[in-house]
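Enquirer: Below are the structure tokens for one structure; questions will follow.
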Amino acid sequence: MDIRRINLNELSPEELRKELSPMGLREFRVRQLEKWMALGVPFGQMTDIPSAMRAELSEKYLDGSLKTAGKLVSAVDGTVKYLFDLHDGNLIESVLMKYKYGYSACVSTQAGCRMGCTFCASAGAGFGRDLTAREISGQIKAMNRDAGVNVGHVVLMGVGEPLDNYDNVVAFMREAHSPEGLNISYRKMSLSTCGLIPGIEKLMAEDIPVTLSVSLHSPFQDERARMMPVARKYRLDKLLEICNIYSSRTGRRVTYEYAVISGVNDTDAHAAELIRLLRGTLCHVNLIPVNPVEGTGYSRARREKIDSFRQRLEDGGLAATVRRAMGRDIEAACGQLRRQAME
Ligand code: SAH
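Written as structure tokens, this is what we have:
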């Protein structure tokens, strides 16, 4: 691995032509190369490019396509979990899920995470670096190719905090939206954040009306700040205020993610406070049976308990659903494959 070599996948069309001009490639060759790179194909598999030319490319340039370092297929629902190796040895995770409406990809935005939420597997596994926009879209391309599918929905809910890698994430969403790119409408993209208020404010000014998901996990400021250190700085009252502005500007419901942790945040008092805070706002509460992560001490509430918590929210006037666990047999929970690989 030589990090000084230029990564062709990161160049613009103009930069690519300039870079390759000493090699004397004809324009149709450059276009072939671009077509392959747009599909996330490694140099070695660009079948209509002569092998000598592929070898020269491999020697001179860094191949930024993602390499599959691990793959697990769920026997329960066909969910596929991928571990991808970036060209510099950083590992990321992505998940491909099949729903009635088509394929959905859960992608990572950083190799690791700096937010330190106490219940999350990514927190303990160290921070590598931000992903580039092409590395984020590369996950979708690699999954499309590997599984022979066409992903139509994207959730930025893999490893990392999207708004902590703001510029690359916004560039990714624009690229994924463009007809030359993945051609996925903004309405079919969700960005999940632990609540970085300045990032949400900036996003609102971008005119990219993606669904905003906010990780809530507790309706009480102090408790939330213990679970999610970021909440010390970005307080709950201010967060909800900005979410309400986001939903009124975009006309779209904000999703509040709520990992139900047995005996911690599933009491009557929690339900009552959620109702008090959220009733009448344009939102939806998504209850996630917590994925027990080693070392966190948190455990999953019984299904009946989660259902009755959901019912209480509904009775109080909130739209609430329980997230279907996908690929439980392969630990599709965020960050666990990467964490295992790193350990
Ligand atoms: N950093 C972003 C996106 C990545 S996490 C965010 O915080 O929203 C995606 C979702 O999974 C978040 O709602 C996160 O809080 C939740 N999550 C993390 N660890 C979990 C666990 N062990 N069980 C259930 N949900 C978890």
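According to the working numbering, the sequence shown holds residues 1167 to 1509 in order. The C-beta atom is built at its ideal place from N, Cα and C for all residues, glycine as well.
1. Please classify Asp1481 as buried or exposed, where buried requires at least 16 neighbouring CB atoms within 10 angstroms.
2. What does the alpha-carbon distance come out to for the pair Lys1368 and Ile1454?
3. Looking at the structure shown, is Asn1173 part of a helix, part of a strand, or coil, going by DSSP?
4. Is Val1456 near the ligand SAH, with its Cβ less than 6 Å from a heavy atom?
5. Count the other C-beta atoms from every protein chain shown that fall within 10 angstroms of the C-beta of Ala1277, then say buried if there are 16 or more, exposed otherwise.
6. Give the C-beta separation of Tyr1464 and Ile1441 to the nearest angstrom, bearing in mind that I take them to be a contact with Cβ-Cβ under 8 Å.
7. Just grab the DSSP bridge partners of Pro1455 for me.
8. Short of 7 Å in beta carbon distance, which residues of its chain neighbour Ala1313, apart from the five on each side in sequence? Order them along the chain.
9. Tell me the rounded alpha-carbon separation between Tyr1248 and Leu1405.
10. Per DSSP, what kind of secondary structure is Met1167 in: helix, strand or coil?
11. Closest to Pro1511 by CA distance: which of Cys1409, Asp1495, Ser1384, Glu1181 is it?
12. Which residue spans inside the region 1194 to 1235 form an unbroken alpha helix (DSSP H) run of at least 4?
13. Counting only the same chain and skipping the five closest in sequence on each side, list residues whose C-beta sits under 8 Å from that of Val1456.
14. Less than 6 Å between the CB of Ala1425 and some heavy atom of the ligand SAH, yes or no?
15. Verify whether the separation of the beta carbon atoms of Val1273 and Gly1324 is less than 7 Å.
16. Tell me, please, which residues DSSP counts as bridged to Ile1258.
17. Helix, strand or coil for Val1396? Go by DSSP, reduced to three states.
18. Could you tell me if Gly1417 is buried or exposed, where buried requires 16 or more neighbouring beta carbons within 10 angstroms of its beta carbon?
19. Run the CB neighbour count on Asn1349, radius 10 Å, all protein chains shown included, and call it buried at 16 or more, exposed below.
20. Please state whether DSSP places Thr1447 in a helix, a strand or coil.
21. Compute the distance between the beta-carbons of Glu1259 and Arg1504, then report whether it is under 7 Å.
22. What does the alpha-carbon distance come out to for the pair Thr1447 and Asp1403?
23. Tell me which residue opens and which closes the beta strand (DSSP E) that Leu1322 is part of.
24. Less than 8 Å between the CB atoms is what I'm expecting for Pro1328 and Thr1377, so what's the real figure, rounded?
25. Which one of Gly1210, Ser1187, Phe1338, Ser1384 has the shortest CA to CA distance from Leu1357?
26. Might you give, ordered along the chain, the residues of its own chain that have their beta carbon closer than 7 Å to the beta carbon of Ala1491, omitting 5 neighbours on each side?
27. I need the boundaries of the beta strand (DSSP E) containing Ala1271, first residue and last residue.
28. Asp1251 and Ala1235 look like a contact to me (Cβ under 8 Å); what is the Cβ gap, rounded to whole Å?
Expert: Result, derived from the coordinates:
1. Residue environment: Asp1481 is assigned as exposed (fewer than 16 neighbouring CB atoms within 10 Å of its CB, all protein chains considered).
2. Straight-line Cα distance between these residues: approximately 28 Å.
3. Three-state result, Asn1173: strand.
4. With a cutoff of 6 Å, Val1456 counts as near the ligand SAH, since its C-beta is closer than that to a heavy atom of the ligand.
5. Under this definition Ala1277 is a buried residue.
6. About 23 Å; that fails the 8 Å criterion.
7. In DSSP, Pro1455 forms a bridge with Val1426.
8. Take Ala1313, set aside five residues on each side of it, and the residues of its chain with a beta-carbon closer than 7 Å to its own are Val1246, Leu1262, in chain order.
9. Roughly 33 Å between the two C-alpha positions.
10. In this prediction, Met1167 scores a pLDDT of 49, lower than 50, which makes its location untrustworthy; the coordinate-derived value is nonetheless stated afterwards. For Met1167, the three-state secondary structure derived from DSSP is coil.
11. Since the first and last residues shown for the chain are 1167 and 1509, residue 1511 lies out of range.
12. The qualifying runs are 1217 to 1226.
13. These residues qualify, in order along the chain: Phe1285, Ala1425, Val1426, Ile1427, Ser1428, Tyr1464, Ser1465, Arg1466, Ala1467.
14. True, at least one ligand heavy atom lies under 6 Å from that Cβ.
15. Against a cut-off of 7 Å, the Cβ pair of Gly1324 and Val1273 comes out as a contact.
16. Paired residue(s): Phe1250.
17. Secondary structure of Val1396 (DSSP, three-state): helix.
18. Around the beta-carbon of Gly1417, fewer than 16 other beta-carbon atoms lie within 10 Å, marking it exposed.
19. Exposed.
20. Correct three-state label for Thr1447: coil.
21. Arg1504 sits close to Glu1259, with the two beta carbons spaced by under 7 Å.
22. One Cα belongs to Thr1447, the other to Asp1403, and the distance between them is close to 14 Å.
23. First-last of the beta strand (DSSP E) with Leu1322: 1319 to 1322.
24. The Cβ separation is near 12 Å, so there is no contact.
25. Of the candidates Gly1210, Ser1187, Phe1338, Ser1384, the one whose C-alpha sits nearest the C-alpha of Leu1357 is Phe1338.
26. Counting only Cβ-Cβ distances below 7 Å, and skipping sequence neighbours, we find Pro1455.
27. Residues 1268 to 1272.
28. The beta-carbon separation of Asp1251 and Ala1235, rounded to 4 Å, stays under the 8 Å limit for a contact.
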